[in-house]
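Structure, as structure tokens:
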DNA sequence: CCTCATATTAGAATTATTCTAACTTGGTTG
DNA sequence: CAACCAAGTTAGAATAATTCTAATATGAGG
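Chains as they are written, first to last, in the working numbering: chain B, 9 to 157; chain L, 9 to 157.
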């Protein structure tokens with residue numbers, strides 16, 4: 009068995025620019041660049057995206073990446089702690105992860121559960137009051153809920 | 009068996025101002041003023057509150073109100089549709105219901121899950137972009153996440 | 001190559017919520 | 001009042017998202 013490992017087809021030698029980049033990011037975050045973390049990082053890496061754990065798991069399976077749902081959850085949380093992803097809370101059931109870690113806001117369509125980015129310099133929030141004693145503001149989330157109409 | 013019905017102690021004749029008020033609200037919303045809806049409305053009615061279904065169910069049980077968790081969920085959703093409550097999405101696991109239906113915002117303490125009201129005329133949100141074609145803004149949610157620090 | 005701390009995994013467990021199908025009840029009508 | 005029935009309530013099962021567990025695999029260093 010060569011050119012393959014653990015049942016996964018693997019390009020023998022050369023690594024893509026994408027995977028090099030992903031490996032560097034992981035290392036910088038203190039995460040071992042394992043097969044599944046690299047694969048997930050690449051799936052997430054290209055364009056700004058909003059994913060759920062289930063959706064990413066599906067996508068990975070379709071791409072032939074052998075990864076369990078538990079690992080997808082672990083990885084999404086690790087990436088979030090490392091600052092590579094943002095968790096967006098818009099639905100009290102599902103969790104979305106956003107590859108755009110810059111400060112920005114979202115439209116959220118309640119009908120189809122779709123998230124749409126709003127550039128960070130668009131919405132202005134002012135007169136935010138000081139938090140209670142001993143507390144510090146972590147971040148300010150703005151979600152604009154929309155529906156057909 | 010008198011002065012009691014279905015195991016619940018009931019003040020025989022006179023109705024409190026609170027319960028009259030609650031009954032009126034329910035009727036206005038097109039909801040039949042049943043025993044459990046009235047009881048829940050009264051538990052919610054006094055002061056502005058943030059409750060979860062579980063918490064309200066506990067509270068009702070402690071108050072000797074015979075109500076199932078399913079009914080608490082049904083009732084919270086009916087009240088929300090009727091505009092008597094607002095559902096606040098801050099946690100992707102739990103749902104909070106807010107008796108303050110006016111436009112206002114919240115501090116959310118990630119450490120203890122507590123919600124704190126911010127008066128509606130405090131935070132200013134401006135430059136909200138127009139929603140995509142065919143969509144209308146339902147509401148704009150602002151959540152200020154805080155932690156010890 | 002060996003080792004071992006770190007990762008991954010399948011499947012069970014947990015949690016919040018919704019569903020189902022049977023049983024009440026409140027409001028009406030004769 | 002007595003019976004009726006649509007609307008409401010219920011216990012418990014079902015679902016869905018997520019986390020946990022305990023066993024196995026793997027990557028990096030010696």
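Ideal Cβ positions, reconstructed from N, Cα and C, are used throughout, including at glycine.
Members of the stretch 109 to 129 of chain B that neighbour chain L once the beta carbon cut-off is set at 8 Å: The residues in question are 115, 117, 118, 124, 126.
Contacts that residue 153 (chain L) makes with chain B (C-beta to C-beta distance below 8 Å): Residue mapping note: residue 153 (chain L) aligns to position 145 of the second chain, counting from 1. Those within 8 Å of residue 153 (chain L) in chain B are 145, 146, 147, 148, 149.
Strand pairing of residue 94 (chain B), partner residues [DSSP]: As a position in the first chain, residue 94 (chain B) is number 86, starting the count at 1. According to DSSP, which records beta bridges pairwise, residue 94 (chain B) is partnered with B:106.
Three CB pairs or more closer than 8 Å across the stretch 46 to 62 of chain B and the stretch 98 to 114 of chain B: yes
Cβ-based contacts, 9 Å cut-off: residues of the stretch 130 to 141 of chain B near chain L: 130, 131, 132, 133, 134, 135, 136, 137, 139, 140
Span separating the alpha-carbon of residue 113 (chain L) from that of residue 147 (chain B): Your numbering for residue 113 (chain L) matches position 105 in the second chain. Your numbering for residue 147 (chain B) matches position 139 in the first chain. About 14 Å.
Candidates B:46, B:122, B:119, B:28, of which the one nearest residue 75 (chain B) by Cα: The count along the first chain starts at 1 and reaches residue 75 (chain B) at position 67. That would be B:46, whose Cα lies nearest to the Cα of residue 75 (chain B).
Contacts around residue 157 (chain B), its chain only, beta-carbon distance under 7 Å, and the 5 residues preceding and following it disregarded: Numbered from 1 along the first chain, position 149 holds the residue referred to as residue 157 (chain B). Cβ within range, chain order: n/a, list empty.
First and last residue of the uninterrupted beta strand (DSSP E) at residue 145 (chain L): Taking the second chain and counting its residues from 1, the one referred to as residue 145 (chain L) is at position 137. Note, residue 145 (chain L): beta strand (DSSP E), 143 to 156.
Own chain partners of residue 77 (chain B) with C-beta closer than 8 Å, once the 5 adjacent residues on each side are dropped: Your numbering for residue 77 (chain B) matches position 69 in the first chain. Counting only Cβ-Cβ distances below 8 Å, and skipping sequence neighbours, we find 61, 62, 65.
For residue 166 (chain B), three-class secondary structure by DSSP: Only positions 9 to 157 of chain B appear in this structure, which leaves residue 166 (chain B) out of reach.
Pick from B:130, B:133, B:101 that is closest to residue 121 (chain B), judged by C-alpha positions: The sequence position of residue 121 (chain B) within the first chain is 113, counting from 1. Of the candidates B:130, B:133, B:101, the one whose C-alpha sits nearest the C-alpha of residue 121 (chain B) is B:101.
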